[in-house]
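Read the structure below first, then the notes.
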Amino acid sequence: QEAAKYEKKVMVLDFVTPTPLGNSWGLGGTCVNVGCIPKKLMHQAALLGQALQDSRKFGWQFTEEVKHNWMTMAESVQNYIGSLNWGYRVALREKNVTYENAYGEFVGPHTVKATNKRGVEKLYTAERFLIATGERPRYLGIPGDKEYCISSDDLFSLPYCPGKTLVVGASYVALECAGFLAGLGLDVTVMVRSILLRGFDQDIANKIGEYMEEHGINFIRQFVPIKVEQIEKGTPGRLRVIAKSTKGNQIIEGEYNTVLLAIGRDACTRKIGLDKVGVKINEKTGKIPVNDEEQTNVPYIYAVGDILQDKLELTPLAIQTGRLLVQRLYAGATSKCDYVNVPTTVFTPLEYGACGYSEEAAVEKFGEKNIEVYHSHFWPLEWTVPSRDNNKCYAKIICNIQDNERVIGFHVLGPNAGEVTQGFAAAMKCGLTKEQLDSTIGIHPVCAEV
Amino acid sequence: GKNEYDLLIIGGGSGGLACAKEAAKFGRKVAVLDYVEPSPQGTKWGLGGTCVNVGCIPKKLMHQAALLGSAIKDAQHYGWNIAQPVHHTWSVMAQAVQNYVKSLNWGHRVQLQDKKVKYFNMKGSFSDPHTIRGLTKAGEETIVTAENIVIATGGRPKYPMHIAGALEYGITSDDLFWLKESPGKTPLVYYPFILHLYEIIVYISLTGSSPDVSLECAGFLTGIGLETTVMIRSIPLRGFDQQMASLVTEHMESYGTKFLKRCFPTKVEKSESNRLQVTWKNTDLRTEVTDSFDTVMWAVGRAPDTETLNLETVGVKTNSETGKIIVDASEATSVPHIYAVGDITEGRPELTPTAIAAGKLLAQRLFGQSSELMDYDNVPTTVFTPLEYGCVGLSEEAAVQCYGSDNIEVYHAYYKPLEFTVAERDAAQCYMKMVCLRERDQRILGLHFIGPNAGEVIQGFALGIKCGATYPQLMKTIGIHPTCAEEITKLHITKGSGLDATVTGC
């Protein structure tokens with residue numbers, strides 16, 4: 001859309017290879033269809049369930065039994081996504097961007113072959129190319145995984161309630177999904193191979209896990225599934241999962257209605273003909289290394305988003321990178337994307353917002369003696385009346401003593417963590433120091449004032 | 001003779017308690033006098049001041065109760081099956097809130113004890129610059145002397161005494177939060193005095209103003225299902241950015257609160273059915289109307305609590321218009337060793353966090369070798385109306401007045417919170433704007449946000465503004481997705497351009 005502003009002839013090829021279970025979706029990519037958007041909406045549905053319980057303590061009265069209807073929610077969510085797909089089609093059309101619902105792959109220099117759903121092939125040439133194919137969920141590679149398990153690609157449009165669910169993985173995708181499924185009243189178990197939220201501050205990751213456990217989510221730690229069998233067909237059916245310990249020979253079995261795999265995502269770079277044009281990828285991860293102007297090793301081919309090596313997999317980052325790239329190419333701009341202090345939020349039942357260094361990373365980079373960590377537990381005012389979870393919410397900032405106590409890491413665990421963190425990220429961009437933080441007046445009573 | 005205490009504080013509210021606890025850290029002998037004169041309706045409360053007992057805390061909790069009412073409606077769109085009817089019981093909420101407030105009263109008592117601060121439940125007045133006479137409810141007298149004295153007695157709601165029946169039949173926020181029974185069909189009167197029009201406008205925009213408890217009360221009363229009317233003589237949320245103020249009231253109107261604009265009451269009487277009959281005049285239509293209500297609540301401003309302090313005896317100067325105590329940048333009054341913090345002081349925002357910060361810094365300067373003064377600039381605040389409004393820095397009007405409209409740029413956007421989509425909620429008033437200087441670095445002068453969780457959104461940006469944030473710096477900040485706050489980092493349409501400022505797409 002940005003390129004079209006500069007009156008360039010632009011074409012977008014978008015194609016969704018169906019999931020092993022046959023699921024597909026429209027224009028917009030992961031975020032819109034099977035990521036941020038449906039995830040946050042279902043997280044909201046779970047939060048509303050909690051709100052219903054709280055409301056009784058605040059004087060609201062209604063029937064004791066309140067049940068959740070998966071289909072009502074899934075339908076509303078899918079309708080909204082449909083409106084976004086449509087919105088994108090219209091936006092592209094209005095901006096005179098040519099859109100083709102076809103699978104693109106390089107066949108030679110400056111040339112791409114586009115194959116649509118019906119197998120019809122067309123060739124297109126362009127002066128420049130941008131690869132933004134993103135990723136798809138990884139499968140375990142064990143018997144029964146593709147036949148019987150679902151991934152986040154399937155969950156948000158599942159045409160039946162998933163029932164008793166086993167979530168395999170400890171990524172934020174795994175924990176967010178486990179979180180909202182439990183919040184909707186389902187029996188949820190999370191099977192974790194080793195640690196939670198690898199790459200995130202581990203102190204906070206453990207607090208998140210603890211909170212989830214206290215709220216009824218079962219964790220099976222240090223096990224991996226080795227086989228999934230179908231006991232009974234159905235919507236949902238019944239599945240048997242056999243798992244092996246990572247520490248010995250112990251084998252366990254469990255029965256679930258649904259098994260959700262959330263063990264990681266793989267870049268969609270292996271089957272788009274990159275070898276035909278000489279674009280180098282990291283053979284192990286499939287990700288594409290680029291320079292600080294998002295250029296691959298082939299000068300006329302660029303890449304943005306989740307497929308980039310060593311960059312955070314986030315929608316706003318992808319958007320910003322894409323826009324700035326186009327502005328540099330066609331509008332004479334020189335701004336490069338600033339990858340420092342990119343904030344993020346994990347929408348687990350207890351939300352976690354972060355910006356900058358984790359405590360471990362800060363210690364590693366600067367040395368324990370050179371950093372100071374300030375922290376505090378807090379109890380959101382809104383949780384006092386319903387007597388909920390005293391002392392679970394937590395905030396910490398990490399400061400670099402040698403640089404004027406500059407804030408290099410911000411972490412908050414509590415409601416609306418995303419809303420809280422956003423402004424702090426802006427402040428960190430302005431070089432926030434501990435002194436400035438101390439001298440800023442808090443808004444009362446909100447969580448962020450802590 | 002030697003003074004008994006190093007520091008004596010009159011008033012156990014946000015400012016007073018913060019000052020006391022901080023001073024105690026330095027090993028000083030500290031005492032706090034706190035006393036609550038019952039309201040005309042007889043309401044009283046414990047240690048902690050306005051915020052804890054009849055301000056921020058109960059207000060936010062009742063606001064939360066109202067928000068939960070909306071959540072119940074939303075939940076049905078998200079798949080939760082709730083059998084109708086759904087209704088709200090005031091006494092359950094009131095008791096829960098009152099119990100929590102009482103636990104805070106208790107908590108403060110314990111904290112003072114732990115920190116070895118002496119607490120007197122007495123009404124204090126000056127005998128001389130170092131001597132305070134304390135009077136208990138029963139009339140017993142105690143004399144206390146101190147090297148330094150801090151006045152932190154705060155304020156109390158005003159009554160419109162010229163309206164017949166106002167005192168006998170009306171309540172104020174002092175009473176609302178302690179009502180055991182539902183206020184029923186509540187009309188609220190929000191009634192800035194014309195006499196002080198100009199003073200109030202100027203006063204408030206210079207200091208950042210005080211939050212508006214009256215609209216907040218009307219908001220949550222409507223939210224829990226009570227028929228609520230707000231009567232306003234001139235403009236709502238005086239001192240706040242007027243564009244934002246009208247969006248707030250617009251939302252309240254669509255939410256169900258009735259507004260009687262440009263009206264003022266002339267009398268309140270008791271009717272035969274034991275309800276209250278209010279008569280008012282409409283200044284535009286030149287009509288006089290009477291209607292009956294269960295409760296009449298006055299929200300016509302707050303008056304500083306200085307009358308019984310005996311300030312004239314010691315020569316502490318007050319502002320002749322407002323009655324507030326005049327202090328300098330170090331919180332010192334016109335009398336040496338006598339200081340004042342919080343709502344009682346002239347020219348300061350009437351906010352808890354500023355009172356706390358001022359109280360702490362004062363203690364640090366008195367006893368801790370610090371010389372840091374309180375910075376009252378860029379104090380963020382939030383109005384907890386049904387659709388919340390958070391802001392920091394200058395309003396658009398103040399910026400124009402300060403710098404001239406040619407020298408400022410206003411970026412703005414109408415947005416829709418993701419959570420409103422499935423809930424099918426109207427987001428017409430969800431709006432944000434950033435007022436910046438136009439020159440080179442484009443420093444941000446003011447940020448305004450209307451939407452859910454406005455306080456949470458604004459807090460971090462207030463920090464940024466403290467660091468001198470500029471528009472380009474904000475644009476370099478990556479957004480967190482999906483949140484409402486991220487829209488701030490994407491503001492790019494200016495008012496000047498005249499373009500449609502509605503956010504579209506992901």
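From first to last, the protein sequence lines stand for chains A and B. According to UniProt numbering, the residues represented by the first sequence are 1 to 450, in order. According to UniProt numbering, the residues represented by the second sequence are 1 to 506, in order. A virtual CB, placed ideally from N, CA and C, is assigned to each residue, including glycine.
Near-chain B residues of the stretch 62-79 of chain A - C-beta to any C-beta below 7 Å: Phe62, Thr63, Val66, Lys67, His68, Asn69, Trp70, Thr72, Met73, Ser76 and Val77
Three-state secondary structure assigned by DSSP to Glu64 of chain A: coil
Start-to-end residues for the alpha helix (DSSP H) that takes in His448 of chain B: Counting along the chain, His448 of chain B falls outside any alpha helix (DSSP H), though it belongs to the beta strand (DSSP E) covering Ile444 to Ile450.
Start-to-end residues for the alpha helix (DSSP H) that takes in Leu92 of chain A: Trp70 to Glu94
DSSP state of Asn341 of chain A mapped onto helix, strand, coil: coil
Residue-level contact to chain B via CB, Asp203 of chain A, 8 Å cutoff: no
Exposed unless 16 or more other CB atoms sit within 10 angstroms - verdict on Thr63 of chain A: exposed
Chain A residues whose Cβ lies nearer than 8 Å to that of Ala71 of chain B: Leu48, Ala51, Leu52 and Ser55
One or two residues paired with Leu130 of chain A in a DSSP bridge: A:Tyr302
Any C-beta of chain A under 8 Å from that of Ala166 of chain B: no
Met71 of chain A classed as buried or exposed, judged by whether at least 16 other C-beta atoms fall within 10 angstroms: exposed
C-beta neighbour in chain B for Val385 of chain A, strict 8 Å: yes
Coarse secondary structure for residue 522 of chain B, derived from DSSP in three states: Nothing about residue 522 of chain B can be reported from this structure: the residues present for chain B run from 1 to 506 only.
Sequence-distant residues of the same chain with beta carbon closer than 8 Å to Glu388 of chain B, five excluded per side: Thr382, Ile450, Gly451, Pro452, Asn453, Ala454 and Gly455
Amino acids of chain A, ordered along the chain, whose beta-carbon sits closer than 7 Å to that of Ala259 of chain B: The residue asked about is misnamed: residue 259 of chain B is Phe in this sequence, not Ala. Ordered by position in chain A, no residue passes the 7 Å Cβ test against Phe259 of chain B, which lies about 25 Å from the chain.
Whether Pro18 of chain A touches Phe156 of chain A by CB criterion (8 Å): no
Environment of Thr440 of chain A [buried if 16+ CB atoms lie within 10 Å]: buried
Outcome for Lys270 of chain B when other beta-carbon atoms lying within 10 angstroms are tallied against a minimum of 16: exposed
C-alpha distance - Gln442 of chain B paired with Pro472 of chain B, whole-angstrom precision: 7 Å
Pairwise C-alpha distance: Leu314 of chain A and Gln98 of chain B: 44 Å
When A:Arg128, A:Pro225 and A:Val188 are compared against Glu213 of chain A, the one with the closest alpha-carbon: A:Val188
Touching by the beta-carbon criterion (3+ pairs, under 8 Å), the stretch 421-433 of chain A and the stretch 7-22 of chain B: no
Closest residue to Tyr339 of chain A among B:Arg133, B:Met93, B:Lys476 and B:Ile163 (Cα-Cα distance): B:Lys476
Cross-strand partners of Ile171 of chain B (DSSP beta bridge): B:Met297
Neighbour flag for Asn400 of chain A against chain B, beta carbons, 8 Å: no
Span of the beta strand (DSSP E), counted from its first residue to its last, around Met252 of chain B: Segment Gln242 to Tyr255 is the alpha helix (DSSP H) holding Met252 of chain B; no beta strand (DSSP E) there.
Proximal residues to Ala75 of chain B (C-beta, below 7 Å), its chain only, five neighbours per side dropped: Ile82
Rounded C-alpha distance that separates residue 454 of chain A from Arg240 of chain A: Residue 454 of chain A is absent from the model: chain A starts at 1 and stops at 450.
Cutoff 8 Å: Trp86 of chain A Cβ touching any chain B Cβ: no
is_contact[Trp106 of chain B, chain A] using C-beta, thresh 8 Å: no
Range of the contiguous beta strand (DSSP E) that encloses Val12 of chain A: Met11 to Leu13
Contact with chain A by Phe461 of chain B, beta-carbon distance below 8 Å: yes
Cβ pair Ile10 of chain B, Ile149 of chain B closer than 8 Å: yes
The stretch 143-156 of chain A contacting the stretch 340-356 of chain A, beta-carbon criterion three pairs below 8 Å: no
6 Å CB neighbourhood of Asn404 of chain A in its chain, flanking five on each side removed: Thr433
Bridge partners - His375 of chain A, DSSP secondary structure assignment: A:Lys396
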